[in-house]
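Notes follow the structure.
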Amino acid sequence: MQNKGQNEATDGLGEQLSLVRAVASARGRSRLLPAVHEAAEVDPVALVLVDVGLPHLDRPFEYLVPVTMADLAVPGARVRVRFAGQDVDGFVLERRATAVHEGKLAPLRRVVSPEVVLTPRVLTLCQEVAARYAGTLGDVLRLAVPPRHATAEKNLPGAEEKQAPVRQAVTSPSPGPWARYPAGGSFLRHVASGDAPAASWLALPGQQAEEDWPAAMAVAATTSLAAGRGALIVVPDHRDVDRVDAALQSLLGAGQHVRLTAGQGPQARYTAWLKVLRGHVRCVVGTRAAMFAPVRDLGLVAWWDDGDDVLVEQRAPYPAVREVLRTRARLEGAALLTGGFARTTSVQQWVESGEVRSVVAEAAVRRLAAPRVVVAGEGTDAERDGPSAHAHLPSAAWRAAKSALLLGPVLIQVPRRGYLPSLSCQTCREPARCGRCHGPLALDAGDAAPTCRWCGSVATAFECSSCGGHRVRSSVVGARRTAEELGRTFPGVPVHTSGAGDVLASVSGQPSLVIATPGAEPVAENGYAATLLLDAWASMDRPTLDASEEALRRWLGAAALTRGAADGGVAVLCGAPTHTTLPLVEALVRWDPEWFVARELAERVELSLPPTVRMARLVGPRVAVQRAVELAGLPDSVERLGPLPWAPVGAAAGTGAPVTGGEPPPRVQLLLRTSLDDGPALTAALTHMKAVRSAHKEREPVGVRVDPMDGLG
DNA sequence: GTGCGAGTATGA
DNA sequence: CATACTCGCACC
């Protein structure tokens, strides 16, 4: 092995640089190691972050810069280096005059491209994000820097040398939609003067393009551009990107902003990203991956609908847009704007700590802009006699839909997609369980009898385990079934559906029924005449920590697409208890999400639940988790909850019996909880633990997730 | 991950 | 005593 020969020849010698040269020429190896002729004159040492996915190797290694690469291997450039016997990708983080490493330095093998794809600011951001989530810098960089597309890099005109493609001076826009919020003008003025204000904005429903939330986002971004700084807007999905894109277009004209979404395809995406990197555009709107976009001189970060779980990255270390953009705002002195129809407890916490200012409309304005909200309850059996019975609708909802259909489209939000997804006892409402394994029973299309989702057995004779009842009812009527039934109930009215896989962006102002799952509601021209929120109890009863918060967010999101009370708009909440007033329901009726989230946060404080504490979750075989947590050397303040059996979300759906050959060992989850102040100590301990486990090549996988309640939990 | 040295088992 | 293997850990 040639490397071995070199090692022997060089061991014990002092000066590394001359030595590499000496070896290369003495052995006549310059042909085999092409780059090793001579080291660069200036700063011959490059700190390279190598991309080997191992936590204990997640640090820079020093390489020698051959003179031929002296001007190309700049900090931020992609390089290829020899590492542990194979060629790996890496980023140059720094150039230095001397090495710290005692041994011999290997030369860089190749500068993939001298393009500075990792800017100092993005690097700092990624380091903070990695630390916050106990992840590796390599993992975060993979999220932040898209894979190179050589053609895109070549075809796009160069950086500043080419100078100012079409960047006209942007003039400060009028406040537009912000005029409806008492604190709106002040926020914009601070952005305009280059300050770093921070705001949580509770948006009013708006059915016209000039007053809706995308318009307001565009005004905020334009204000930052007018102040000579950049802007970054992150939204949950590509329909939202389209809307903000259009709003920016009408305010800025062409070429002033760029879209960044996953669905663009590699070349288009990299081209757009390069335009941002090279400073051709300073305004970005995109989905969550855009949160790392290297916008120059960032003056504003903004995101919409904080509670939407697609704003949590689904790749390790699972950073949330909220945390990344807040960090960016702090690091880069940028303004922060988080908007939505609802507010999450996380953001409420910022508001209550004074870090972020609340921007809300006055109650009287809200009442006119929002639809009138009616609570229809579940609908008694008596109520279900009329035509509404066929559609599983309470009669109040049916009447509201009937009269609204004379005026325009009607939106019907159903909690989940699918066809009668789960069942409960007709009499006592307990979830229907399989008699054999206690798994959930479900009725799929075409099935005559309910089937167990876990073991697949068919429940021909159901008997409720708590009351002995023999009849099941569908817990949630899926969108498709609802569409069929409503179509029959309102003959002649067109029915649209919008849900996972097939999402409608918008519908016309003509009368129609629009059945949609949460988050997939199309926008209606001039707003819906009425909105029905079905099976409210199913949204409220979800067993997650944030069920209420999430239910309100979904209801407000759909109701906000409805015409305001001033224009006769009405929203009907169906299936909520009517005999008692739940704060959740009251918040919707009063259109007061701020009041609700304050209560919700107070409760979290009381119970020491996120976001008022920092949590992390370890998942793996019992002994491995046990050893891992001991290895971490957790601070004393960290509380251990569990271990409990771990049931992955959405597992065991579909087919049936556990026929898998190699039994995977049963896994447990251990939750760790500490104060927010001790969060960094907790994540540092977890990072250390992962590094040691990786160095020891631990066999058993132990998953680590910080903020496990973010996203799906 | 891969490669290598140290340490240990194994066999003539 | 020589050779074959495993184990642990460094990798720049």
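Numbered according to my numbering, the first sequence spans residues 1251 to 1963. C-beta: ideal position from N, C-alpha, C; glycine also. Computed from a predicted structure; not experimentally measured.
Using only CA atoms, which one of the options lies nearest to residue i?
| i | options | result |
| --- | --- | --- |
| Gln1760 | Ala1585, Val1469, Tyr1778 and Ser1450 | Tyr1778 |
| Glu1691 | Arg1721, Val1664 and Cys1717 | Going by the sequence as given, residue 1691 is Leu instead of Glu. Closest option to Leu1691, Cα to Cα, is Arg1721. |
| Gly1814 | Thr1830, Thr1781 and Pro1833 | Thr1781 |
| Leu1783 | Gly1536, Arg1546, Ala1821 and Leu1655 | Ala1821 |
| Val1937 | Pro1305, Ala1320 and Ala1442 | For clarity, residue 1937 is Thr in the given sequence; the question names Val instead. It is Pro1305 whose Cα lies nearest to the Cα of Thr1937. |
| Val1623 | Val1491, Cys1824, Thr1747 and Arg1723 | Cys1824 |
| Gly1434 | Asp1321, Arg1607 and Phe1341 | Arg1607 |
| Asp1321 | Glu1291, Ala1801, Asp1490 and Glu1312 | Glu1291 |
| Lys1947 | Ala1878, Pro1893 and Met1959 | Ala1878 |
| His1507 | Leu1475, Asp1490, Pro1516 and Ala1613 | Leu1475 |
| Pro1916 | Ser1944, Ala1945 and Arg1872 | Arg1872 |
| Leu1355 | Val1317, Leu1391, Arg1392 and Val1295 | Val1295 |
With DSSP run on the structure shown, which of helix, strand or coil describes residue i?
| i | result |
| --- | --- |
| Gln1564 | coil |
| Leu1365 | The identity of residue 1365 in the sequence shown is Glu, whereas the question assumes Leu. If DSSP states are grouped into helix, strand and coil, Glu1365 belongs with coil. |
| Gly1749 | strand |
| Ala1774 | strand |
| Val1390 | helix |
| Gln1599 | helix |
| Ser1756 | strand |
| Phe1437 | helix |
| His1946 | coil |
| Phe1341 | strand |
| Ala1533 | Just to set this straight, residue 1533 is Cys in the shown sequence, not Ala. It is a strand residue. |
| Glu1312 | strand |
| Gln1457 | coil |
| Gln1336 | strand |
| Glu1850 | helix |
| Trp1428 | helix |
| Ala1860 | First, the residue type needs correcting, since residue 1860 is Pro and not Ala in the sequence shown. Three-state result, Pro1860: coil. |
| Gln1517 | helix |
| Cys1714 | coil |
| Ala1201 | The shown model of the chain, from 1251 to 1963, leaves out residue 1201, and the question about it has no answer. |
| Pro1895 | strand |
Given this structure, state the Cα-to-Cα distance separating residue i from residue j, to the nearest angstrom.
| i | j | result |
| --- | --- | --- |
| Ala1518 | Pro1407 | 15 Å |
| Thr1348 | Ala1470 | 47 Å |
| Pro1772 | Gln1458 | 14 Å |
| Leu1438 | Thr1473 | 7 Å |
| Thr1588 | Arg1359 | 44 Å |
| Arg1576 | Thr1421 | 27 Å |
| Gly1385 | Ser1645 | 53 Å |
| Val1298 | Gly1388 | 11 Å |
| Ser1596 | Ala1699 | 44 Å |
| Arg1234 | Met1865 | With the chain running from 1251 to 1963 in the structure shown, residue 1234 is simply not present. |
| Asp1462 | Ala1453 | 8 Å |
| Leu1838 | Trp1896 | 35 Å |
| Val1315 | Pro1357 | 6 Å |
| Gly1769 | Arg1345 | 47 Å |
| Asp1960 | His1488 | 21 Å |
| Leu1524 | Thr1794 | 40 Å |
| Arg1509 | Ile1483 | 10 Å |
| Asp1817 | Thr1732 | 27 Å |
What's the call for residue i, buried or exposed, on a 16-neighbour Cβ count within 10 Å?
| i | result |
| --- | --- |
| Lys1940 | buried |
| Gly1807 | buried |
| Gly1335 | exposed |
| Ser1603 | exposed |
| His1351 | exposed |
| Ser1638 | At Ser1638, the pLDDT of 49 sits below 50, so the modelled position is not reliable; the number obtained from the coordinates is stated separately. Buried, because 16 or more other Cβ atoms sit within 10 Å of the Cβ of Ser1638. |
| Ala1613 | exposed |
| Leu1618 | exposed |
| Lys1404 | exposed |
| Thr1401 | exposed |
| Gly1340 | buried |
| Thr1767 | buried |
(Q) Is it the case that the stretch 1346 to 1364 contacts the stretch 1310 to 1329, given that we only count it when at least three CB pairs across the two stretches are under 8 Å? (A) yes
Q: Count the CB pairs spanning the stretch 1921 to 1932 and the stretch 1836 to 1848 that are closer than 8 Å, and state whether there are at least three.
A: no
Q. How about the stretch 1880 to 1895 and the stretch 1823 to 1833: do they share at least three Cβ pairs that are nearer than 8 Å?
A. no
Q. Can we say the stretch 1462 to 1469 touches the stretch 1559 to 1572, given the rule of at least three CB pairs closer than 8 Å?
A. Fewer than three pairs of CB atoms, one per stretch, sit closer than 8 Å, so the stretch 1462 to 1469 makes no contact with the stretch 1559 to 1572.
Q. Quick check: the stretch 1492 to 1503 against the stretch 1527 to 1541, are there 3 or more CB pairs under 8 Å?
A. yes
Q. Does the stretch 1647 to 1667 come close enough to the stretch 1849 to 1865 that 3 or more CB-CB pairs lie under 8 Å?
A. no
Q: Determine contact between the stretch 1549 to 1556 and the stretch 1949 to 1959, defined as no fewer than three beta-carbon pairs at a distance below 8 Å.
A: no
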